[in-house]
Structure formats: structure tokens, C-alpha cells
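Chains as they are written, first to last, in the numbering used here: chain A, 475 to 885; chain B, 833 to 991.
Below: one structure, written as C-alpha cells.
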Amino acid sequence: MSTAPGRRGVGERIAAGESRRRALEGALGTRGVVPASRAAFPSRLHDERIAAILGLALGIAFAVCFATGLVSHLAQHPLDLGLLSMPAEPAWLYRVTQGVHVATGTAAVPLLLAKLWTVYPLLFAEPPVRNAAHLVARIALVPLVAGAIFLLGSGLVNITGWYPWSFSFPVAHYFTAWIVMGALLVHVGAIWAPARRGLSRAAARAPEPPGDGLSRRGFLGAVAAAAGAVTLLTAGQTVRPLRGVSLLAPRDPAVGPQGLPVNKTAIGAGVIETARDPGFALVVDGDVARPLRLSLADLEALPQHEAELPIACVEGWSASARWGGVRVRDLLELAGAGEVREVRVSSLQERGSFRASRLNAIHAAHEDTLLALRIGDAPLALDHGFPCRLIAPNRPGVQQTKWVARLEVRA
Amino acid sequence: MSAPGPRLGDEDDGGLRFWLCAVIGLGVVVIATVQLAGARLIGSVGSWAAYLLGGLLVHDLLLAPAVVLISIALLHLVPSRLRPAAQATLIVAGSVALVAIPVLGGWGRRPDNPTLLPRDYGLGLAIALAVIVAAGLVGAARAARAPRAPAAPRDPGGW
Chain A
475 MSTAPGRRGV
485 GERIAAGESR
495 RRALEGALGT
505 RGVVPASRAA
515 FPSRLHDERI
525 AAILGLALGI
535 AFAVCFATGL
545 VSHLAQHPLD
555 LGLLSMPAEP
565 AWLYRVTQGV
575 HVATGTAAVP
585 LLLAKLWTVY
595 PLLFAEPPVR
605 NAAHLVARIA
615 LVPLVAGAIF
625 LLGSGLVNIT
635 GWYPWSFSFP
645 VAHYFTAWIV
655 MGALLVHVGA
665 IWAPARRGLS
675 RAAARAPEPP
685 GDGLSRRGFL
695 GAVAAAAGAV
705 TLLTAGQTVR
715 PLRGVSLLAP
725 RDPAVGPQGL
735 PVNKTAIGAG
745 VIETARDPGF
755 ALVVDGDVAR
765 PLRLSLADLE
775 ALPQHEAELP
785 IACVEGWSAS
795 ARWGGVRVRD
805 LLELAGAGEV
815 REVRVSSLQE
825 RGSFRASRLN
835 AIHAAHEDTL
845 LALRIGDAPL
855 ALDHGFPCRL
865 IAPNRPGVQQ
875 TKWVARLEVR
885 A
Chain B
833 MSAPGPRLGD
843 EDDGGLRFWL
853 CAVIGLGVVV
863 IATVQLAGAR
873 LIGSVGSWAA
883 YLLGGLLVHD
893 LLLAPAVVLI
903 SIALLHLVPS
913 RLRPAAQATL
923 IVAGSVALVA
933 IPVLGGWGRR
943 PDNPTLLPRD
953 YGLGLAIALA
963 VIVAAGLVGA
973 ARAARAPRAP
983 AAPRDPGGW
């Protein structure tokens, strides 16, 4: 490079009102202020435009996961939330939101790793802190990056039924998501201008930086291919047509007794004896005029209904089945229940966090909310909740209580 | 050398937008952390903190440096025109292998529930990696046959 005409020194530039940083750059060229990190990481892929595009993709993925996660949280917690109560229709809603939650989180793994790799040199930036804003932005990166890795990692581990830790996964996953969202807001504030620059039309038209190896376009294409590959290899646990290619899915929606996967088995729940007891009786009580005690034969003698409904697990798998049994609302009517606020559904299971669930008024009154006795034409398998289980539209699987022993009405 | 464009790491230096985002965002971080630590059902908060920071350290101190080492190896072992195909293959294969770790380990298997982790994941991963590597080889073969691009300025490439 020949000497630029009109080259001025650093002092002159500062005197002319340029910032110290700009003056150094102008006087010495980039190399003069290239931090050590830039020399150590010469790849052209540590690039602002790549960081911006991956950041946007990751931001969308995390927003989708957060929104669908909130839906799942609301679906599993106090159900009487007025307008925020989980609706009973459409029946497939939770199946879709939770399937999307897990699939998006899985696809975000290559996006997050690519993004972290793109900006990895900044970990060693010189100077480490430029000003107060830079300090705050860097501090916020700790909860952002640690939290993002935690959310994706713990989610991937949880869906395989593995709990190597001693915290509650749903509680930790939920609050960590809020931590990440807060830290993400700080990050967006910090990178707003460069991100806009990186996503601008001018940046799109700019030529590829020189160098060999993957181009920017090629790199983004490879990351997209990685996200697509992990999606295809796992999404078949809920998107049934993909089950043939989803070689790494923790579930196969067709594998299980009566063609349905199981989360909690009868052995695991400790109900083998009680569920098979011929003296089994379902109790309907609480705020009712005529408490009921119904044997399996009594239940079979009541009007029967059928509904095609999915079991949609929080762990992201789902499978549909044709359920037959007694409508919950018919049972409530038989017991003389008036205005129902909530129905507490309890299992024969004596311990465990999901031995009971609550039906909100909308679900309790829905025509497809059944105390199911059959899948297709066959009695429920023991692992699916024999002698009877709850099945209702648009509910997480953990709330579809099995081995139901009691419906307690709260008016 | 062409004029340097905006570079990675040229962040805002703290306008109103930044401080607004910072105050609200850090507020959410603090509230959520306090709520988590105080949640009735959380179990061990220490275990959560260990996994949270452990993940960060595993990435920054193990995974990222490992990628750097692999990149250096790639620079020395793979001719430059085949390098893009090699890089893309490693990105896809590495992602798939990483996501496969929990199912491959099968630590969640329970004897009473054969519907959980029902597949042969070793075989599944082998098939997936074989397909990815085959696609990479096709890409490499096409790159090797393509006419050589006009000599570009020498650049060390990099990682």
C-alpha cells in the first residue's frame, strides 16, 4: 500500500476532533489497532455480518422457545387464570406448541455454537473494557451465554429422561429462560447499531472478505444444513411421517403398548396391584349433590363416547389415538355438580409429582374430555392407565392423569 | 488492502437505548435469579449454578479451543480448494454428533419403560454421519473438478 496522500498523525487527528480510537485507526491503518485477538483469529468468518445474521436467527429461535415455553408453563400451573386459562380447542394446540418448542431448541444448538464461534475472539478483546456501557454489556454476556447453553443442554438431556442433576428441571428451565431473556435485552441494546449495519442491504452487497476456506455464504449454508439435519433426525418423535428418518429421536410415536409411547409406567408409579384390584372404584365427590362410587362395570354401563386425541408430552413427543370412555361432564352431571370451577383428578399412584392434575371449567365441560376406558376397541393397557385415565383436548401429557381413582369437584 | 469495513465488536458506546435495555434487562435477570433461588420446588440451587457455569466453561475452555485446534489441523492437512467442503462437513457432522450424545449414552433408559429411547442410536448416528460425509465427498469432488479460480491474493486463511 502506498503512502496515502495527506496522511496525518494521531495528535493532529485528535486535535481535529476525532475520537482517540478513530484517530489511531486513521493514522495507523487497521493493523495498528488490531487487537491481539484479531491476529490470533485470522479467519474471515469472525465477521460482523455473520454475527448479525446468526444473532437474528438465534433471537427468533429463542423467542419461539420462550413463547411456547410460557404456553407450556401456563398449561401446567394454576389453571384458573381467566383469559389465560388453557382453552380446550383446538385440541392439537399444545401438541404443536410443545413440538415446536423442543424442535426449535434442538435446531438452535448449531446456531448457538456457530454464533459463539463467530464472536469467540471478542472474549479476548483488547482493551477488555472500553467504558461503562461496554463493561455492563460484557457482564450481561455471562447470564446470556451460560443461560443459553444451560437451556439447550438441559432440554436435550431432559427429553431423554435423564436427570443427572439435583435441581427441579421445570423450575430451573423456566426461571433460567427469564434470566436469558433479560440478558438478551441488554445484549440487543449493546449490539443494536452493528447488528443493523450487519443486516443492512449495503452489507449484503459488500463483496466476500478475501481469504480461502468457507465463504460467509458457505458458512451460513453449512450452519443451516446442520440445523436442518438435527431437526430431521429428531422431529419424527412428533411429526409422524418423519419417524423413518428421525434416527436420533428419543421416542418413536409408534413404539409402545397399543402403539403409543409411555412416560410413566405402572411399575414406575407403583400401581400394579391397585390398578388390577377387582374391587376398584372411581369416586366422584367434593361439591356435588350425590357423591358417586362407580366400579369398572358401572363405568362401562354408562353412555360411551369416542374422541381422537393426541397424547402430547412436555418432552416434545406426541402421538394420536382413538380413545373411548365416559364423558367427564356426564359423570359430573350424574353426581349433581352445579357450577364447576375446577375438578381435581387423582391417581391410584401414591407418590410422585404428577399423581394428580386439575381440570379447569372449560376442559371439564368439553364433550371430548373423557375418562377413557379403551384405546380403539381394546381396554387400556396397564401402562396407559387401566382401568381408566383422563384424556382431554389440548393438555400436556403430564396432566392426562392415569389410573384415575377420584374426581373431586370444586365449585 | 481495501478499506476496513465495520468490524466485529464495534458496539454502541452507551446511548439512551443501551442504558434503557440494560436497566430493564438486568432487572429481569436479578428478579428471575432471586425467584429461582427462592422457588419452593427448585431442589438444589447449587446444582443449578454448577450446571449453569459448567456449561459456559465447557464451551469456552474445551469446545471452542477444540474447534480452533481442529481448524489448525484442517489448514495443514487439507488443500485449500477442498477446505470449504471439509469445513461444512465438520460443522454438520459435529452438530449432529453433539446433539446425539444424550441418546447415544442412553443414561435415561429405565428397565420398566422400553418406549423411552427405543432405537439403536449408535447405528442411527453411524448412518447419519455416513450420509453427511458422503455429501461432503460429493462437494469436495465437485470442487476438485471445478476450473481453478483466478489467482487470489495469498491469504493465510485461518480459523
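Beta carbons are placed, not taken as given, at the ideal position from N, Cα and C, and that holds for glycine.
Note that the structure is a prediction, hence the values are computed from the model and not measured.
Please state the DSSP three-state secondary structure of residue i.
{"i": "isoleucine 741/A", "result": "helix"}
{"i": "isoleucine 874/B", "result": "coil"}
{"i": "valine 507/A", "result": "Because the pLDDT of valine 507/A is 38, which lies under 50, any placement of that residue in the model is unreliable, and the question is left without a value."}
{"i": "valine 849/B", "result": "The question names valine, yet the displayed sequence has arginine at residue 849/B. Three-state result, arginine 849/B: helix."}
{"i": "proline 897/B", "result": "helix"}
{"i": "glycine 798/A", "result": "strand"}
{"i": "serine 792/A", "result": "strand"}
{"i": "glutamate 774/A", "result": "helix"}
{"i": "serine 879/B", "result": "helix"}
{"i": "glutamate 824/A", "result": "coil"}
{"i": "phenylalanine 641/A", "result": "strand"}
{"i": "valine 574/A", "result": "helix"}
{"i": "leucine 972/A", "result": "Nothing about residue 972/A can be read from this structure; chain A reaches only from 475 to 885."}
{"i": "glycine 812/A", "result": "coil"}
{"i": "asparagine 868/A", "result": "coil"}
{"i": "leucine 734/A", "result": "coil"}
{"i": "alanine 852/A", "result": "strand"}
What residues from chain B crowd round residue i, counting only those whose CB sits closer than 7 Å?
{"i": "methionine 655/A", "result": "Val860"}
{"i": "glycine 627/A", "result": "Gly887"}
{"i": "serine 642/A", "result": "Leu873, Ile874, Gly875"}
{"i": "phenylalanine 624/A", "result": "Tyr883, Leu884, Gly887"}
At the 8 Å Cβ level, is residue i part of the contact set with chain B, yes or no?
{"i": "alanine 699/A", "result": "yes"}
{"i": "threonine 748/A", "result": "no"}
{"i": "phenylalanine 437/A", "result": "Shown here, chain A extends from 475 to 885; a query on residue 437/A therefore has no answer."}
{"i": "threonine 580/A", "result": "yes"}
{"i": "tryptophan 591/A", "result": "yes"}
{"i": "isoleucine 865/A", "result": "no"}
{"i": "alanine 786/A", "result": "no"}
{"i": "arginine 764/A", "result": "no"}
{"i": "leucine 502/A", "result": "Note that leucine 502/A scores 45 on pLDDT, short of 50, meaning its location in the model is unreliable; the coordinates nonetheless yield the value given after this. So no, leucine 502/A is outside the interface."}
{"i": "arginine 829/A", "result": "no"}
{"i": "proline 724/A", "result": "yes"}
{"i": "isoleucine 527/A", "result": "no"}
{"i": "aspartate 686/A", "result": "yes"}
Considering residue i, what are the terminal residues of the alpha helix (DSSP H) in which it resides?
{"i": "asparagine 632/A", "result": "606 to 632"}
{"i": "arginine 750/A", "result": "746 to 750"}
{"i": "glutamate 522/A", "result": "522 to 550"}
{"i": "valine 890/B", "result": "Neither: valine 890/B is in no alpha helix (DSSP H) and is coded neither H nor E."}
{"i": "alanine 978/B", "result": "Run containing alanine 978/B: none; DSSP gives neither H nor E here."}
{"i": "valine 697/A", "result": "690 to 708"}
{"i": "alanine 755/A", "result": "Unbroken run through alanine 755/A is the beta strand (DSSP E), 755 to 760; no alpha helix (DSSP H)."}
Residues of chain A with CB under 7 Å from residue i, in chain order?
{"i": "histidine 908/B", "result": "Neighbours of histidine 908/B on chain A: none; closest Cβ ~13 Å, over 7 Å."}
{"i": "isoleucine 856/B", "result": "Leu659"}
{"i": "glycine 993/B", "result": "This structure cannot settle anything about residue 993/B, because the visible part of chain B is limited to 833 through 991."}
Which residues in chain B have a C-beta closer than 9 Å to the C-beta of residue i? List them in chain order.
{"i": "alanine 709/A", "result": "In chain order: nothing, as chain B lies at least about 12 Å away."}
Does the distance between the C-beta of residue i and the nearest non-hydrogen atom of the ligand NAD fall short of 7 Å?
{"i": "alanine 881/B", "result": "By its list of ligands, the structure shown contains no ligand whatsoever, and the ligand NAD lies outside what it can speak to."}
Verify the CB distance criterion: does residue i have a CB-CB separation below 8 Å to chain A?
{"i": "valine 931/B", "result": "yes"}
{"i": "proline 950/B", "result": "yes"}
{"i": "proline 979/B", "result": "no"}
{"i": "leucine 957/B", "result": "yes"}
{"i": "leucine 914/B", "result": "no"}
{"i": "arginine 849/B", "result": "yes"}
{"i": "glycine 954/B", "result": "no"}
{"i": "threonine 904/B", "result": "The residue you asked about is not threonine; residue 904/B is isoleucine in the sequence shown. Not closer than 8 Å to any Cβ of chain A, the Cβ of isoleucine 904/B fails to qualify, so no."}
Taking residue i and residue j to be in contact with their CB atoms under 8 Å, please state how far apart those CB atoms are, rounded to whole angstroms.
{"i": "arginine 941/B", "j": "leucine 948/B", "result": "7 Å"}
{"i": "leucine 585/A", "j": "alanine 620/A", "result": "That belief does not hold up - the Cβ atoms of leucine 585/A and alanine 620/A are roughly 17 Å apart, past 8 Å."}
{"i": "valine 965/B", "j": "alanine 925/B", "result": "7 Å"}
{"i": "alanine 786/A", "j": "glutamine 550/A", "result": "Contact flag wrong, Cβ pair sits at about 12 Å."}
{"i": "aspartate 857/A", "j": "valine 736/A", "result": "4 Å"}
{"i": "isoleucine 874/B", "j": "alanine 622/A", "result": "The pair is not a contact, with the Cβ atoms about 20 Å apart (cut-off 8 Å)."}
{"i": "tryptophan 880/B", "j": "proline 638/A", "result": "Incorrect: roughly 12 Å between the Cβ atoms, too far for contact."}
{"i": "valine 935/B", "j": "alanine 657/A", "result": "So it is not a contact: roughly 30 Å between Cβ atoms."}
Quick one: list the residues of chain E neighbouring residue i, beta-carbon separation under 7 Å, in chain order.
{"i": "proline 934/B", "result": "Checking the listed chains, one finds no chain E in this structure; the protein chains it contains are A and B."}
Give the residues of chain A in contact with residue i, contact being defined as C-beta atoms less than 9 Å apart.
{"i": "valine 965/B", "result": "Per Cβ cutoff of 9 Å: no residues; valine 965/B is ~12 Å from chain A at best."}
In terms of residue numbering, what span does the beta strand (DSSP E) encompassing residue i cover?
{"i": "proline 784/A", "result": "779 to 786"}
{"i": "valine 878/A", "result": "878 to 884"}
{"i": "serine 927/B", "result": "From DSSP, serine 927/B is part of no beta strand (DSSP E) but of the alpha helix (DSSP H) over 915 to 937."}
{"i": "arginine 767/A", "result": "766 to 769"}
Please compile the residues from chain B whose C-beta is within a distance smaller than 8 Å of the C-beta of residue i.
{"i": "histidine 849/A", "result": "In the sequence under discussion, the amino acid at residue 849/A is isoleucine, which differs from the histidine named in the question. The contacting residues do not exist; isoleucine 849/A stays about 14 Å from chain B at best."}
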